[in-house]
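Remarks on the structure that follows.
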Amino acid sequence: MSDIMRPMAFDQLLNWILTEKKQSGTVFGEHHPYHADAKYNRTLFGRPLETPVGPAAGPHTQLTQNIVAAYYTGSRFFELKTVQVMDGAELSACVNKPCIKADDECYNCEWSTELYVSEAMEEYIKAWFLLKVLSKEFALGSMDGFQFNISVGYDLEGIKSEKIDRFLNTMQHAQGSAIFKECKSYLLEHVDLFAHVTKEDIEGISGDICNSVTISTLHGCPPQEIEKIAMYLITEKGFHTFIKCNPTLLGYEYARKTMDEMGYDYVAFGDFHFLDDLQYEDAVPMLTRLMKVCEERNLEFGVKITNTFPVDVKQKELPSEEMYMSGKSLYPLSISLAAKLAEEFDGKLRISYSGGADYHNIKGIVEAGIWPVTVATTLLKPGGYDRMTQIASLLQKEGDIFEKVNAEATSRLAEEAKTSPYHVKAVKPLPSRKMKKQVPLLDCFVAPCKEGCPIHQDIPAYLQLVKEEKYEEAMEVITEKNPLPFITGTICAHPCMGKCTRNFYEDPVHIRTMKLAAAKNGYDALFEKIQTPAITKEGKAAVVGGGPAGMAAAYFLRRAGMSVTLFEKTGSLGGVVRHVIPEFRIPAEAIDKDHALLEKMGVDICLHTEIDSVETLKKQGYTSVLLAVGAYEPGVLKLEAGETVNALEFLARFKETEGNIDIGKNVVVIGGGNTAMDTARAAKRAKGVEHAYLVYRRTKRYMPADEEELLLAVEDGVEFMELLSPVKLEDKRLFCDIMKLGDFDSSGRRSVIPTGEQKVIPADTVIAAVGEKVPSAFYEANGIRVNERGRAFVNEETLETSISGVYVIGDGLYGPATVVEGIRDGRKAAEAIIGAALCKETDIKIAETVVYERKGNLSDLHSDKEESGRCLSCSTICENCVEVCPNRANLSIRVPGMEKHQIIHVDYMCNECGNCRSFCPYDSAPYLDKFTLFADEKDMADSKNQGFAVLDREKIKCAVRFMGETLIWTKGEKTHIPEALLKLMEAVCTDYAYLLR
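UniProt numbering puts the first residue of the sequence shown at 1, with every later residue one more than the last.
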């Protein structure tokens, strides 16, 4: 596959836009048109501007279709992608691909247009004409309501070159250029294509495209060179001028301290850029001089702050040595520089802003007098260009005339950024949002939350039912696969939420909370409805252990019609959840309600009954025995001196005594998992405890605990003692080796290295939360074979052991796991015993209009109903790869006879930026792995993608590559290619012919 983009001809672009709008109501896949109101107009550079926002010089202003998509959704200020002397193939060879990674804070290693300068100019002029006519045809605003801003670099010699000089002159006055004449002539000849655009409208389109420029200089460019470039563009070319200023002006110490305090300590950068770049003491007099020169010429002048901050590649983020950081981590630096310059110039220096601006902060930026604002990172995330509609609507304000930048307000923004939850880095690294599956060629829409759930809960279905306040129906969906709605609704580790696409917007849908809402509101009605199933299956089952896995297995078996007895050695069900997890995390009443569901289902529950012998159960007539005995062998932490207390034993005692235990004033918990967090929080609540310390050999970022549990421990006052490795306990003092973080390994985890120093912590009691072990001796005593780690050998598909009819499930299988994994095991073994699937799938169809309305809109948390409504219904429509592609190279199309939309990849529009890889829920890259439309056979030969090139659209004749074989297929011929792919190719030829070159 080639990474060279092929610009489309003007007629193809116009045909595409008008046909798609008529057929689907969208433009380049965008669903949210922004209709500007003149009462919100601003004035910039002597021209009207309907919104003060648009795409930054980058991937969203490189091709005509990108600019059109941005305009359609609300952009009105376009910072065109930077041009320079190096262009085309020469520049493309210097850009490593993939070149964008935007799944959290954003990184890129590209800088200028990858087109030839002449091609870039043509793209911008084609876009100029299209925006003019579309503004009127689709009632999007005034034909003069938007502005193009040239971005040019990187030195004066290059800017004065014939190539760039021609570009500048043409973009100022394009009337005489061939492309301008061609576009205008085509529109005049095809004015009948429009319902609202007239010949007079077309004749009136001005060739005076750009009257402003943003100067982008390379890092290390000396101040004298920057000033010469500015003087040239101001005095010789007459441009209103912005000069790009980078956060390096803040100084290395400020940038490093800010990044470290905000959790971006892993972002590596040296001080050399800070030393080589423009210095603040040189910038102020230079900017003062340039302001004066522009004022004398009645031109506007300002600075552009900035979407460029160079950092080192440390974790193989991109295939380069250095990359540019942007997005949420750049915002605190960029807005701090804006604040510094606003104060320096008493607000009189105009500021054009970019650098982490998004829905959450852009209103404050604009209200501080900083505009225009250009964005990139937010548009690279799911929702894509459609995010712009919400942003533009947020900035509607009558009579907003620039007077000065409010230095005080900007300073407040800078301070708020350093603690904002939208910009501070999460304590823990993001979990992988990928499923361990390859994306299929067809029908790839999937709910990542459901796939991430060990029991594949039908999450979108019950969220929709909660939204509709149909709680009983929601409980029916939940309990189809999950017999413990209260336990999981309260303490589930919710891996589903880690996969939620909303993570790329603001916050995941609070799925666990919505499950609990369904349980609280729908439990009674469901309970009354349950009818105890008749016994219809031969044999009977014994479940040993009343923890979550045992409860689940008993529930599923009994519901399936088998006689089931559940044996529990204590006086109540719930296992670790009941007897170990503190009451402040889950109340006993929640567990009781799940217990009651088992009784209503007809499970025979025998409490205070300990089972030692599987053989005895078999002799009693139990045909199946499920061992859910847990991992109860205590883990051991060996110190050079002193003894530790086992965490589970402590938690059990804490719960029995309601915290009335004597463990001293100073308690140390060793460990970094969820159990360690529970232990430390409980210790903090114990009678007489003044300090609860948590010791771990790495930092919080590398602790295995869920971030939620870790933050709760912080809130409770647990004192985290990071980078310490315990050595010995003597005289109520815990001696620890002080560690430091080493380099990143291939997995992105940092090693720890002893420093040779020690730290002493006061410790009346030391509790070790280092993991429990499976009961190997119990298994061996019952004749069950175990491996070298003491774990029972089981059939992975059925969990059956070496003894026929005996199964191991839950924590006793591989060691401590989550509640929902225990439910998974219980169901797996139950299905093996019954010999059939025991749960049905539930899929509620959401109207496409509803789904698309939610996409692109960021939302804060609200009521249960509104929270459930934040679900993006990915199983109905995903399209992440479509939304995040700046070039529109991934498309969603409708294929007759197929229920779901289908995704195709258009080769000639793709530059292999790789952004779609980050957001595809599969472990795949759509630009490589989806069925690809090629412009011709040559392009197909240059690629390894499966796909097709249309040879004759009338006959529907295609060259096709499928499963490594290339062949020619014509409609009506027999072929081994799947019928669905044939339908897809036919649909492209008949319904999407505008894609064909």
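We put the CB at the ideal spot given by N, CA and C, even for glycine. Values in this document were obtained by computation on a predicted structure and should not be read as measured data.
So, with DSSP's three-state summary, where would you put residue i?
i            : result
Arg47        : strand
Trp371       : coil
Thr765       : strand
Ile125       : helix
Ile646       : Rather than Ile, the amino acid found at residue 646 in this sequence is Asn. In this structure, Asn646 counts as strand in the three-state DSSP scheme.
Ser892       : strand
Lys684       : helix
residue 1001 : Outside the displayed span of the chain (1 to 997) sits residue 1001, for which this structure offers no information.
Ala560       : coil
Val405       : coil
Leu463       : helix
Ser411       : helix
Glu157       : helix
Tyr353       : strand
Phe242       : strand
residue 1049 : Given that the chain is displayed from residue 1 to residue 997, the structure contains no residue 1049 and the question cannot be resolved.
Met601       : helix
Trp111       : coil
Buried or exposed: residue i, going by 16 or more other Cβ atoms within 10 Å of its Cβ?
i           : result
Gly688      : exposed
residue 998 : A query on residue 998 cannot be resolved here, the shown segment of the chain reaching from 1 to 997 and no further.
Asp731      : exposed
Thr818      : buried
Cys606      : exposed
Phe934      : buried
Val636      : exposed
Asn298      : exposed
Ala38       : exposed
Gly783      : exposed
Phe567      : buried
Gln23       : exposed
Asn169      : exposed
Pull up the CB-CB distance for residue i and residue j, whole angstroms please, since I reckon it's below 8 angstroms.
i      : j      : result
Leu14  : Leu130 : 7 angstroms
Pro886 : His31  : With 8 angstroms as the limit, Pro886 and His31 do not qualify as a contact, their Cβ atoms being about 17 angstroms apart.
Lys81  : Ala127 : The Cβ separation is near 11 angstroms, so there is no contact.
His173 : Gly204 : So it is not a contact: roughly 16 angstroms between Cβ atoms.
Pro926 : Cys871 : Not really, about 22 angstroms apart at Cβ, beyond 8 angstroms.
Arg681 : Asp716 : 5 angstroms
Cys245 : Val303 : 5 angstroms
Leu333 : Pro247 : 4 angstroms
Asp942 : Ser2   : 5 angstroms
Quick check: the Cα distance between residue i and residue j, rounded to an integer number of angstroms?
i            : j      : result
Glu853       : Tyr72  : 16 angstroms
Thr258       : Val53  : 27 angstroms
Asn787       : Val850 : 53 angstroms
Phe241       : Pro372 : Inspection of the sequence shows that residue 241 is occupied by Thr rather than by Phe. Cα to Cα, Thr241 sits roughly 13 angstroms from Pro372.
Lys363       : Thr374 : 13 angstroms
Glu821       : Phe556 : 15 angstroms
residue 1017 : Thr990 : Summary: the structure shown does not reach residue 1017, with the chain confined to residues 1 through 997, and so no result is reported for it.
His494       : Ile459 : 11 angstroms
Ile159       : Asp87  : 13 angstroms
Glu708       : Cys492 : 11 angstroms
Tyr779       : His456 : 30 angstroms
Three-pair Cβ contact test at 8 angstroms for the segment 556 to 573 versus the segment 533 to 541
yes
Using 8 angstroms as the Cβ pair cut-off and three pairs as the minimum, do the segment 952 to 960 and the segment 973 to 988 touch?
yes
Does the segment 608 to 626 come into contact with the segment 804 to 819, if we say contact requires no fewer than three beta-carbon pairs (one atom in each stretch) closer than 8 angstroms?
yes
Any chance the segment 240 to 256 sits against the segment 403 to 415, with 3 or more Cβ pairs inside 8 angstroms?
no
Please confirm if the segment 422 to 432 is in contact with the segment 836 to 852, defined as three or more CB-CB distances below 8 angstroms between the two stretches.
no
Check whether the segment 748 to 757 and the segment 690 to 707 touch, using three or more Cβ-Cβ pairs below 8 angstroms as the test.
yes
Okay, do the segment 794 to 802 and the segment 519 to 529 touch, 3+ Cβ pairs below 8 angstroms being the bar?
no
Is it the case that the segment 173 to 187 contacts the segment 136 to 155, given that we only count it when at least three CB pairs across the two stretches are under 8 angstroms?
no
The segment 540 to 550 in contact with the segment 460 to 473 per 3-pair CB rule at 8 angstroms:
no
Taking three-plus beta-carbon pairs below 8 angstroms as touching, is the segment 690 to 697 in contact with the segment 667 to 675?
yes
The segment 897 to 905 in contact with the segment 478 to 495 per 3-pair CB rule at 8 angstroms:
no
Stretch pair the segment 914 to 925 + the segment 427 to 445: three plus CB contacts closer than 8 angstroms
yes
The segment 220 to 234 / the segment 192 to 204 touching (three or more Cβ pairs under 8 angstroms):
no
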